[in-house]
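S.K.:
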Ligand code: BES
Ligand code: MN
Ligand code: ZN
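In the working numbering, the protein residues as written are 9 to 507.
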């Protein structure tokens, strides 16, 4: 897709389609009025006759509007002006792209970025438009023998704005939105791929591919090297599988060598059967998405590399399957993590924390400024927050606030849960330094408590994306979250470092 942003007005457009908004009831936006003036009241007539009242997400496609050079005008209902907020903006932009895709139009000029939204500037709206445009174009049909017959033809999108002062920030916002969306597409592809294809080795190859494209440094540790590093917890999870585990480190250097990196650690369980503590059969296929944290790390690095963001970032991905098997880890086994702490594995289905704890210890070697781990860690998080908010826990309140703010900005929100010491005792084991589960109560928090025992040396935030990384049911598929949040977090850091 090709994007442009221009200081212009709708009456000057010549392309295939102009998109302007109408508020409810029958209230034309400034851009719609300009077109209407040109057409000699043609649009106003249609609107006042009630063909488009302005209800949110209703559309009307007009052809051959008098005096308008562009072939078509798409009117989009925006709902009541006083109720026009973020979510309405997003859903109406989605409706616009869905409508355009269904018509076979190749190019369009959008006049929606000037619409007033509380607490949102032009840059935000432009970023969202670019992101939603690419998202609307996303398809995953690489595993179908014939591509599906839903060809999308929209190629070129021009965003019209009225104020020349907004142009420079608008241009940056546009390329950032596109980069975020490209990162999300990669994350979605990796998540959606079948688990017999997207194995730990596949993720490692993908990291190498990114390294080649963007001149990054990729280091892949294989099982022998993990043994040398004494990653006993990660290796314990990999034992039941025939697929060799990989520990991937991908380094992006956008700032000076001396700048400490932000380290992103992503859970990369390419399939989670539960191991010997086997999961029930229903919906087990969805456990192919258990590498969504890893996929979001790769997607975020792609996004920031595409925008040449001046920050240093290291992605670390412990990648393995969690399978039952003759040599699989058993409930009751005690393993020694890379940190030296011992763990009694009471449930082999609590494997995410086992691979993450060694990856977090491994992160120390990069002398991180901050570490954020991203993981589809607990079903309990889905119960607590549903599919709307990602769970956030942190050992540093300022960092937590930074993450919350980035989530608000990116429309990819998180909700913080407590990480109080009171919860730690639930992890007591009679036989090792700790158990890998804390019982049913507060499952999301005790999982984070477990990780906190491996993050004492740095400021750390934990994102539980179990509810937000993918959708189930008819729309089953990866969401690409939390790439927008992570990228925004890094954009903010880069801006703060410059200031
Ligand atoms: N990958 C799962 C978490 C999960 C489950 C995410 C369902 C999304 C939907 C994780 O490895 C897991 O199995 N966690 C267990 C932990 C329990 C054994 C303490 C869970 O949440 O049931
Ligand atoms: Mn599990
Ligand atoms: Zn898992």
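Quick reminder that beta carbons are idealized off the backbone N, C-alpha and C, glycines included.
1) Going by Cα to Cα distance, which pick from 89, 136 and 311 is closest to residue 104?
2) Quick one: is residue 82 buried, meaning 16 or more other Cβ sit within 10 Å of its Cβ, or exposed?
3) Kindly indicate which three-state DSSP category residue 250 falls into: helix, strand or coil?
4) With a threshold of 7 Å (Cβ to nearest heavy atom), would residue 280 be considered close to the ligand MN?
5) Assign residue 124 to buried or exposed, taking buried as 16 or more other Cβ atoms, counted over all protein chains shown, within 10 Å of its Cβ.
6) Cβ of residue 471 within 8 Å of Cβ of residue 454?
7) Assess, as a yes-or-no matter, whether the stretch 85-104 is touched by the stretch 27-38 under the definition of 3 or more beta carbon pairs within less than 8 Å.
8) Closer than 7 Å: is that where the CB of residue 273 sits relative to any heavy atom of the ligand ZN?
9) Hey, how far is the Cα of residue 163 from the Cα of residue 288?
10) Contact check, residue 178 vs residue 134 under 8 Å by CB: the rounded distance?
11) Just how far apart, CA to CA, sit residue 224 and residue 218?
12) Tell me the start and end of each unbroken alpha helix (DSSP H) in the stretch 395-454 that is at least 4 residues and wholly inside, in chain order.
13) Please classify residue 36: does DSSP put it in a helix, a strand, or coil?
14) Buried or exposed: residue 275, going by 16 or more other Cβ atoms within 10 Å of its Cβ?
15) Compare the C-alpha of residue 221 against each of 313, 362, 354 and 326 and name the closest.
16) Are the CB atoms of residue 486 and residue 166 within a distance shorter than 8 Å?
17) Measure from the alpha carbon of residue 347 to the alpha carbon of each residue in 85, 356 and 368, then state which is nearest.
18) Could you spell out the range, first to last residue, of the beta strand (DSSP E) harbouring residue 326?
19) How would you label residue 15, buried or exposed, when you count the other beta carbons within 10 angstroms and need 16 or more for buried?
20) Beta-carbon within less than 6 Å of residue 239's beta-carbon, same chain only, minus the 5 sequence neighbours each way: which residues are those?
21) Write down every uninterrupted run of the beta strand (DSSP E) in the stretch 144-217 whose length is 3 residues or greater and which is fully enclosed by it, in chain order.
22) Whole angstroms are fine: how far does the CA of residue 417 sit from the CA of residue 242?
23) Which same chain residues end up closer than 7 Å to residue 355 when comparing Cβ atoms and leaving out the 5 residues on each side of it in sequence?
24) DSSP has residue 479 in a bridge; who is on the other side?
25) Going by other Cβ atoms of all chains shown within 10 Å of its Cβ, with 16 needed for buried, is residue 293 buried or exposed?
26) Which residues have a Cβ closer than 5 Å to any heavy atom of the ligand BES, listed in chain order?
27) Going by the C-beta, is residue 277 closer than 7 Å to any heavy atom of the ligand ZN?
28) Going by DSSP, which residues form a beta bridge with residue 274?
29) What span of residues does the alpha helix (DSSP H) with residue 513 cover, start to end?
M.R.: With the structure as the only source:
1) 136
2) buried
3) coil
4) yes
5) exposed
6) no
7) yes
8) no
9) 44 Å
10) 5 Å
11) 7 Å
12) 405-418
13) strand
14) buried
15) 313
16) no
17) 368
18) 320-330
19) exposed
20) 346 and 366
21) 164-169
22) 35 Å
23) 285, 339, 444 and 445
24) 485
25) exposed
26) 280, 298, 355, 357, 358, 360, 384, 386, 387, 445 and 474
27) yes
28) 382
29) There is simply no residue 513 to check, as the chain begins at 9 and stops at 507 in what is shown.
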